[in-house]
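Quick notes on the structure that follows.
Number of protein chains: 4
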Amino acid sequence: MLSNFLLLHLDYNIHNMAGNTFGTLYKITTFGESHGKGIGVVIDGCPSGLKLDVDHIFSELQRRKPGQSKIVTQRHENEEFEILSGVFEGITTGTPLAIFIRNQDQRSKDYSHIAKKFRPSHADYTYTQKYGLRDYRGGGRSSARETAARVIAGAIAKQVLKTLNVKVNAFVSQVGTITLPEEITIDLNKTEDNIVRCPHPQTAEKMIQLISQIKKKGDTIGGKISCVVENCPVGIGAPVFDKLHAELGKAMLSINAVKGFEIGSGFSAVQMLGSEHNDAFESIDGKVSTKTNYSGGIQGGISNGMNINFNVAFKPVATIIPAQDSVDEAGNKTTVEGRGRHDPCVVPRAVPIVESMAALVILDHIMINKSTKLDDLKS
Amino acid sequence: MLSNFLLLHLDYNIHNMAGNTFGTLYKITTFGESHGKGIGVVIDGCPSGLKLDVDHIFSELQRRKPGQSKIVTQRHENEEFEILSGVFEGITTGTPLAIFIRNQDQRSKDYSHIAKKFRPSHADYTYTQKYGLRDYRGGGRSSARETAARVIAGAIAKQVLKTLNVKVNAFVSQVGTITLPEEITIDLNKTEDNIVRCPHPQTAEKMIQLISQIKKKGDTIGGKISCVVENCPVGIGAPVFDKLHAELGKAMLSINAVKGFEIGSGFSAVQMLGSEHNDAFESIDGKVSTKTNYSGGIQGGISNGMNINFNVAFKPVATIIPAQDSVDEAGNKTTVEGRGRHDPCVVPRAVPIVESMAALVILDHIMINKSTKLDDLKS
Amino acid sequence: MLSNFLLLHLDYNIHNMAGNTFGTLYKITTFGESHGKGIGVVIDGCPSGLKLDVDHIFSELQRRKPGQSKIVTQRHENEEFEILSGVFEGITTGTPLAIFIRNQDQRSKDYSHIAKKFRPSHADYTYTQKYGLRDYRGGGRSSARETAARVIAGAIAKQVLKTLNVKVNAFVSQVGTITLPEEITIDLNKTEDNIVRCPHPQTAEKMIQLISQIKKKGDTIGGKISCVVENCPVGIGAPVFDKLHAELGKAMLSINAVKGFEIGSGFSAVQMLGSEHNDAFESIDGKVSTKTNYSGGIQGGISNGMNINFNVAFKPVATIIPAQDSVDEAGNKTTVEGRGRHDPCVVPRAVPIVESMAALVILDHIMINKSTKLDDLKS
Amino acid sequence: MLSNFLLLHLDYNIHNMAGNTFGTLYKITTFGESHGKGIGVVIDGCPSGLKLDVDHIFSELQRRKPGQSKIVTQRHENEEFEILSGVFEGITTGTPLAIFIRNQDQRSKDYSHIAKKFRPSHADYTYTQKYGLRDYRGGGRSSARETAARVIAGAIAKQVLKTLNVKVNAFVSQVGTITLPEEITIDLNKTEDNIVRCPHPQTAEKMIQLISQIKKKGDTIGGKISCVVENCPVGIGAPVFDKLHAELGKAMLSINAVKGFEIGSGFSAVQMLGSEHNDAFESIDGKVSTKTNYSGGIQGGISNGMNINFNVAFKPVATIIPAQDSVDEAGNKTTVEGRGRHDPCVVPRAVPIVESMAALVILDHIMINKSTKLDDLKS
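Residue numbers (the numbering used here), protein chains in the order written: chain D, 1 to 379; chain Z, 1001 to 1379; chain G, 2001 to 2379; chain V, 3001 to 3379.
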């Protein structure tokens, strides 16, 4: 029955999909589906000579993993990966790195309750309209499972950045109306101390309670992640279309469920005066810095050496238990009810994804910047 | 004296700049400086057969033009453009369109007061660090003058979109703390009725007064622009990295002074429940739509046929009259004072730029989507 | 010992490698090494809805396979592939297709006789200079094993082209001085009738004898492959840099051991008069064609509907048994002797590779051409 | 009448054209038509700090100029160019360089004799099929006039290469059956000593006589250009799809009238044994070189430090005076006669074009190679 539905659409509306590549010099291509053989990534442009820390990649995947705590989905996923190419005796050779995670269980579950209905605020409807088919088993390429491939590529990017002393750290800064107190100083080392990944213990506890309550109701809640890049070299980015924060913005907005991005002062800049917002320069021991950092470490699209900081807004997960109005593929009114295991709030598991996408952008632009010196041509 | 400064840096720190191209199939490359011969744009991929409306391009440039009202900079710029290629008997031929605006007055003004100092929150410092030189005459490629080239390319994109019945309209929705009342219905036809480009007359009046006050003080103020795309075809965009709102986000964040971008519910989604935020489907006369539009017309990175709407946050212009703390190129403390003519608030003139960048993204993705049908291959 | 050599270079000269992606809309990325886990390919942009013919892919790989006859290398390679993503119930879904061939035997052979020497006319020397290391086990990415990934991607491209009635056929037209008689009409159906893949039986027999003789001496010989594309749609390609034959030329020259490419009349055009070379038009039953086809089916970079035909020159394989003068990594004179199993002539196995690369180019440009119609935008 | 023809097609068959960009880091986009306002080029990625030699650009254009001698077309073209952006006080700033050559005479000549006919072996037919229109005034983007933009961009690339001591020199090595004697040593400094650009005076004289005879008959003749790149750094290029000779091949095949490309031994390799063809290494004073250079300076797609040399085959120019069979746009038989001024042989004027395209490829890959060192990331 289901395959009839599928073939019906295949006959009339067959398309391809692209947009699976990200980056210019450190360039990744992801592939695979949540309910196929598995998912993977090819990294073209990773420098040779990196002693790959496989344990680090694995631990990064653990931060994204379903079932890691009581406030995330209890779904099980395999996180064991195989490195298919690009490493010899533990060291990257410069050739494309291909890494694959095999799905544990490829049996199709019973999806008949949603196969012909469009779930509100999921990609079902748009996917069907664009491609003439949808993978009713789990969202196909729209599945959050794809982000595991990003985390692998991001983990390796972080390892390269570590050799340059660049650090990328994200944390949960808001869930629903629960925000970090403005007066506290954030200790980025405390993010992993709790299951919600908020570096302020008291706030974290409130967030966990809120998410637990929401979960019991079968509902979901939005959240915000903040990210800090420390020790980013001065001068990366570009002045016109490829501004560094424009690239970061695209990277973040490409993560499932993201609705907004702001750099430095962000939307609060709308209400500020220039005399407040301008970051006055100072010189301390011959080192130039700015007294404030409303610019978020980027001016004119180019990094200025201050911390790069930005916020990312996530909507509440679209899968909820209560019945919702919808339509089926024939355009008839129907209702959709959620089943099974979903995340009540996406932000705890999205922290390593935000870090990964940031690391990809920063490393790529460091590499791009190294290609632009005429003096290097002469050396 | 100034050229010594320039040459000094040229000797040690010579780079190139890229990132002057935007788009995939409707692809633009901008060039030129505010104080050189002029600025221009090459459009590669504009469909042939378009009867070019030159008056429309000119009127779009007028909306961006300095000196258009009392609340914008009184600087004078030439807006007369010459079409160098790609049009025959008034119709686009499909070959690259090159369009050039010659600068009226290329004499260098006296910039000695800032030539060796870094203006706070301008691109001076980062530009110098990246390229080893800066165009002290007016910001070089960081100058807002570059956006005139975007407006030309965007105007032509709008003309193509018009043949598809797609409309792109932006307006000023906030200046400082002055916002549009929530209860009003916005009439997009009223945007051009006032000099601040806010479609609600009473709110517009308050904004104009605020900007006028700020201007007298030599200070500046931030603002917000909202944009609506009507009749966008269903199914454009892509599910992974090239999500439609990610592309729109990059486009907006590439505009000078933009600090934030949000699609649909945006940052307000952080506080919402899934049961509130989900856009229930309905079917009216066989046409599928959603009861609400928190998704902002895009689900899973792909347009769903509802209006696409997004907000863009602009910081206050960095040039202000009062003295500010800064450093010079030798790292010594100094102060910088503003001079001359600057915009007290950037949003009135930025409305056509937001529309242009949106039109470029939407048209490009409509074109990309047309290349992905296997059935088309057979036709 | 060997790893010391490797690490020595890693410390001083660590690079990355790119250039592993080919194509614009039908875009492939290959990965893997001859002596690692295996080799693979990701195809981004394959149209959905194609009923994948797995047997056809396998049979194409058999045409490239070592050990297939007495005149090719007797090395054994695994050709079993696994489809990792992009196919559901035997039909392409439009998502990235990832396909992997696992290497049978990953044990490093004894390469000590060449590990520190540069084999003449191999990539050893340039690879070491560029990347600071080389994969002495079998050439790394320079290995001909990489072309299996191209054949897989090309086989699928051919399957898409088949639905459009486009045929791509190559054959061996010269080995050493043995050429096809000028007077014969080539029957493309006879190419697979013999082990050298020459469609003229008598000539094939001579070629086989020559290659067998050369093989006994431990020497190698060059050859030429000709390719014909039938039923290519009129109008694909582009008039300036992306001329269709320029894209075909790059594709062919990217195959290992290729030294030359010519389209239509090719190098013989140098000696011709315009009055001889021009292809006069004729009209038969309202269908326009040309009386001759010195243009090779492409005029001004754009296909004209006639058969596209081109020749590709292959040098003799660089691995030979007799001792050759060389240097080691320290710059000392030495000699290199060949060992083991190599191809005495590369062209019999290169026929499917030429076809694959041609199919990739033709399909990509058919897809690109479908994206450029303004009328399509309106439909 | 003519515009009706044009509009007729515009209504039914409107396309765009792309493929006007070449290069990755030193990236050029050309625009303009032979009978429009003019032609131009935007160079994105030219390093800053180059003291631009405007006289050199002009002298390069003179080498390509029509009317330069008795054996080329006597058509007049303007070669005066204007630098629109990217240069300040004579030095490149790193911003996009835009350069424009205004056409002297934009009046449409009388083209009624060919406007509705397809000239054999021109791009008329394919252009019309692809774009639904053609620029009957002079070929539009297919016109050789476009190559002036390439020569400008190539001249600047040569100036950058000169600072790296890399030299690019091409010369005419064959016209019809007249070839350079094999025994001579070519003195690249003598190429400009005669109007055919052959560095061997006696051979040059024969070529000039042959071309003069052909010209009298209103016919045309093919030719061959050889190119040598001296002092190319070792290690540029890539091992898989972006092999250095594959990039050179595409560049050359993108030049109008080119039918073939060969690197090093080229098509002669087909007849050679591996024991003949292999380039044995030798070490002289610690410097590694090869005794022969059949590889043409490139092994495995990567430069090896020897001279890069390649040949390019040009067909006879398609415009001839005698009547030729053809069809008109309605498919009726007709004849076409040539008129006016055309080149009897294209190679004398194509020498600087070959050099320019080679310089673009070599510089681009030098720049790409500089971006791939992990050590550079750490510096």
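Built from N, CA and C at the ideal position, the CB exists for glycine as well.
Round the Cβ separation of residue i and residue j to the nearest angstrom and send it over; I've been treating them as touching at under 8 Å.
{"i": "serine 212(D)", "j": "isoleucine 71(D)", "result": "6 Å"}
{"i": "proline 352(D)", "j": "arginine 64(D)", "result": "5 Å"}
{"i": "isoleucine 1156(Z)", "j": "cysteine 1046(Z)", "result": "6 Å"}
{"i": "asparagine 3231(V)", "j": "valine 3166(V)", "result": "5 Å"}
{"i": "isoleucine 2101(G)", "j": "isoleucine 2039(G)", "result": "6 Å"}
What do you get for residue i, buried or exposed, if any count of 16 or more other CB atoms within 10 angstroms of its CB means buried?
{"i": "glycine 2176(G)", "result": "buried"}
{"i": "proline 181(D)", "result": "exposed"}
{"i": "serine 2059(G)", "result": "exposed"}
{"i": "threonine 3030(V)", "result": "buried"}
{"i": "glycine 3090(V)", "result": "exposed"}
{"i": "lysine 158(D)", "result": "buried"}
{"i": "valine 2054(G)", "result": "exposed"}
{"i": "asparagine 189(D)", "result": "exposed"}
{"i": "proline 201(D)", "result": "exposed"}
{"i": "glutamine 62(D)", "result": "exposed"}
{"i": "glutamate 77(D)", "result": "buried"}
{"i": "isoleucine 184(D)", "result": "exposed"}
{"i": "lysine 1215(Z)", "result": "buried"}
For residue i, does the three-state DSSP call read helix, strand or coil?
{"i": "glutamate 3276(V)", "result": "helix"}
{"i": "alanine 3269(V)", "result": "helix"}
{"i": "alanine 3323(V)", "result": "coil"}
{"i": "lysine 1051(Z)", "result": "strand"}
{"i": "glycine 223(D)", "result": "strand"}
{"i": "valine 2042(G)", "result": "strand"}
{"i": "glutamine 3068(V)", "result": "coil"}
{"i": "asparagine 1311(Z)", "result": "strand"}
{"i": "threonine 3029(V)", "result": "strand"}
{"i": "isoleucine 2284(G)", "result": "strand"}
{"i": "phenylalanine 1058(Z)", "result": "helix"}
{"i": "glycine 1249(Z)", "result": "helix"}
{"i": "isoleucine 1014(Z)", "result": "Its pLDDT being 30, under 50, isoleucine 1014(Z) is placed unreliably by the model, and the measurement read from it follows with that caveat. Note: isoleucine 1014(Z) maps to coil in three-state DSSP."}
Please state if the CB of residue j and the CB of residue i are separated by a distance shorter than 7 Å.
{"i": "glutamine 2299(G)", "j": "threonine 3334(V)", "result": "no"}
{"i": "glutamate 2262(G)", "j": "asparagine 2311(G)", "result": "yes"}
{"i": "asparagine 309(D)", "j": "valine 228(D)", "result": "yes"}
{"i": "aspartate 3279(V)", "j": "proline 2120(G)", "result": "yes"}
{"i": "glycine 249(D)", "j": "glycine 1249(Z)", "result": "yes"}
{"i": "leucine 2143(G)", "j": "proline 3239(V)", "result": "Position check: residue 2143(G) holds serine in this sequence, whereas leucine was assumed. Not in contact: serine 2143(G) and proline 3239(V) (Cβ atoms no closer than 7 Å)."}
{"i": "glycine 274(D)", "j": "valine 1317(Z)", "result": "yes"}
{"i": "isoleucine 3028(V)", "j": "alanine 3170(V)", "result": "no"}
{"i": "arginine 2075(G)", "j": "arginine 2341(G)", "result": "yes"}
{"i": "serine 2254(G)", "j": "phenylalanine 3281(V)", "result": "no"}
{"i": "arginine 197(D)", "j": "valine 168(D)", "result": "no"}
{"i": "aspartate 219(D)", "j": "isoleucine 99(D)", "result": "no"}
Q: At 3 residues or longer, and completely inside the segment 72-126 of chain D: list those beta strand (DSSP E) runs for me, N to C.
A: 81-85 and 97-102
**Q.** 4-residue-minimum alpha helix (DSSP H) runs that sit fully inside the segment 163-217 of chain D, ordered along the chain
**A.** 201-216
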